[in-house]
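A.B. asks:
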Amino acid sequence: MELWPGVWPVLLLLFLLLLFLLPTLWFCSPSAKYFFKMAFYNGWILFLAVLAIPVCAVRGRNVENMKILRLMLLHIKYLYGIRVEVRGAHHFPPSQPYVVVSNHQSSLDLLGMMEVLPGRCVPIAKRELLWAGSAGLACWLAGVIFIDRKRTGDAISVMSEVAQTLLTQDVRVWVFPEGTRNHNGSMLPFKRGAFHLAVQAQVPIVPIVMSSYQDFYCKKERRFTSGRCQVRVLPPVPTEGLTPDDVPALADRVRHSMLTVFREISTDGRGGGDCLKKPGGVGDARL
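This is how it looks when you write it as structure tokens:
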């Protein structure tokens, strides 16, 4: 089917207008820049997943494939001018299973996670991620553990299986105990699944704290510049001898220690405070 000849000038005009409009929005509208950056961030991850799938498929579903995903994702922080500083990595137990718990601010947590992710460690993620196109398939091949949070019985069953996997296959798991992304500059109350898992398997809990993104990212203000994030690995918390009755106090104690460190390492000590810091101060020389 051929296009009517008069359509070509219109298409060319629209294309030229688009070429003019996009740079104008980029330099003149911080909100447009925010949406462009987030669209590229998500689109680039989906594209990288397409490249990773055939490589990971050679092994099939295997936690060792997480090394491939990590290698392919490490460069993204450079595209956005985000400096990720890791401290306390020596606290990771050298040769045993454990449960990592970390605060959850946004999808950008992926950058900090890939920077510090220990060997044979996979995240526990909501089941909806499994249907996220190429990213879902790549995560499945990398051994990511999916949980349907709407079905409590299924979640408990999966956690029991994970506890056995931790011990029999020398696997570590990464959990965001807040259960959802939190943009308010603090930490939501912790769900207790990760702590029940650690107590059931009698393995340590390794808390990891990512500093507030407020100096370069704020969803509420549609602001995304370049900046710095500190990732702090805290000393492991033992669970030997603890029982399910000890889980509430354990979760509260770990959350308190993480929140204290979060406020300490976040910009100006306020822990984010709902994107209190306004734009400016950090250059936006990159994508």
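Counting in this note's numbering, the sequence shown runs from 18 upward without gaps.
Virtual Cβ for every residue (Gly too), placed ideally from N, Cα, C.
Assuming L117 and V223 are in contact, meaning their beta carbons sit under 8 Å apart, how far apart are those beta carbons, in whole angstroms?
C.D. replies: What you label residue 117 is simply residue 100 of the sequence shown in a count that begins at 1. What you label residue 223 is simply residue 206 of the sequence shown in a count that begins at 1. For clarity, residue 117 is Val in the given sequence; the question names Leu instead. Right, the Cβ-Cβ distance comes to about 5 Å (below 8 Å), so this counts as a contact.
A.B. asks: Pull up the distance between the alpha-carbon of N120 and that of I225, whole angstroms please.
C.D. replies: Residue 120 sits at position 103 when you count from the first residue of the sequence shown. Residue 225 sits at position 208 when you count from the first residue of the sequence shown. Spanning the two alpha carbons is a distance of roughly 7 Å.
A.B. asks: Since M227 contacts Q122 with CB under 8 Å, what's their CB separation in whole angstroms?
C.D. replies: Here residue 227 refers to the residue found at position 210 when the sequence shown is read from its first residue. Here residue 122 refers to the residue found at position 105 when the sequence shown is read from its first residue. Indeed, because the Cβ distance is near 7 Å, the residues count as touching under 8 Å.
A.B. asks: Between the alpha carbons of M204 and M89, how many angstroms are there, rounded?
C.D. replies: Start at 1 with the first residue of the sequence shown, and residue 204 comes out as number 187. Start at 1 with the first residue of the sequence shown, and residue 89 comes out as number 72. If you take the alpha carbons of M204 and M89, they lie about 30 Å apart.
A.B. asks: Kindly indicate which three-state DSSP category Y230 falls into: helix, strand or coil?
C.D. replies: Taking the first residue of the sequence shown as 1, we reach residue 230 at position 213. Here Y230 sits in coil by DSSP.
A.B. asks: Unbroken beta strand (DSSP E) runs of length 3 or more, entirely within the segment 124 to 166: which are they?
C.D. replies: 138 to 143, 162 to 164, all fully within the segment 124 to 166.
A.B. asks: Let me check you understand the geometry: is the CB of I164 closer than 7 Å to at least one non-hydrogen atom of the ligand FAD?
C.D. replies: The ligand FAD is not among the ligands present in this structure, which contains no ligands whatsoever.
A.B. asks: Is DSSP giving Y253 helix, strand or coil here?
C.D. replies: As a first step, residue 253 must be located in the sequence shown, where it is residue number 236. One detail in the question is off: residue 253 reads as Pro in this sequence, not Tyr. It is coil, neither helix nor strand.
A.B. asks: Is the segment 70 to 85 close to the segment 133 to 141, with three or more CB pairs under 8 Å?
C.D. replies: Enough Cβ pairs lie closer than 8 Å, so yes.
A.B. asks: Under 8 Å by Cβ, that's how I've got L127 and Y230 pegged, so tell me the actual separation to the nearest angstrom.
C.D. replies: Counting from one through the sequence shown, the residue named residue 127 turns up at place 110. Counting from one through the sequence shown, the residue named residue 230 turns up at place 213. Contact flag wrong, Cβ pair sits at about 12 Å.
A.B. asks: Should the segment 153 to 162 be called in touch with the segment 256 to 269, which here means at least 3 C-beta pairs below 8 Å?
C.D. replies: Taking 8 Å as the limit for Cβ pairs, the verdict is that the segment 256 to 269 does not touch the segment 153 to 162.
A.B. asks: Measuring straight from C-alpha to C-alpha, what distance separates E145 and G196?
C.D. replies: Stepping through the sequence shown from its first residue, residue 145 is reached at position 128. Stepping through the sequence shown from its first residue, residue 196 is reached at position 179. Answer to the nearest angstrom: the Cα atoms are 13 Å apart.
A.B. asks: Sort out for me which residues DSSP pairs I222 with in a bridge.
C.D. replies: Taking the sequence shown and counting its residues from 1, the one referred to as residue 222 is at position 205. DSSP, once it has assigned bridges, lists V116, V254 as partnering I222.
A.B. asks: Whose C-alpha, out of H107, V161, V67, is nearest the C-alpha of R78?
C.D. replies: Within the sequence shown, the letter at position 61 stands for residue 78. The shortest C-alpha separation from R78 is found at V161.
A.B. asks: Just tell me which of G129, M275, E238 has its CA closest to the CA of P47.
C.D. replies: For this step, residue 47 is matched to residue 30 along the sequence shown. Of the candidates G129, M275, E238, the one whose C-alpha sits nearest the C-alpha of P47 is E238.
A.B. asks: Given a cut-off of 8 Å on the beta-carbon distance, is the pair C73 and L158 in contact?
C.D. replies: Mapped onto the sequence shown, residue 73 falls at position 56. Mapped onto the sequence shown, residue 158 falls at position 141. Yes, they are a contact pair.
A.B. asks: With DSSP collapsed to three states, give me the class of R245.
C.D. replies: Residue numbering aside, residue 245 sits at position 228 when the sequence shown is read from its first letter. R245: strand per DSSP, three-state reduction.
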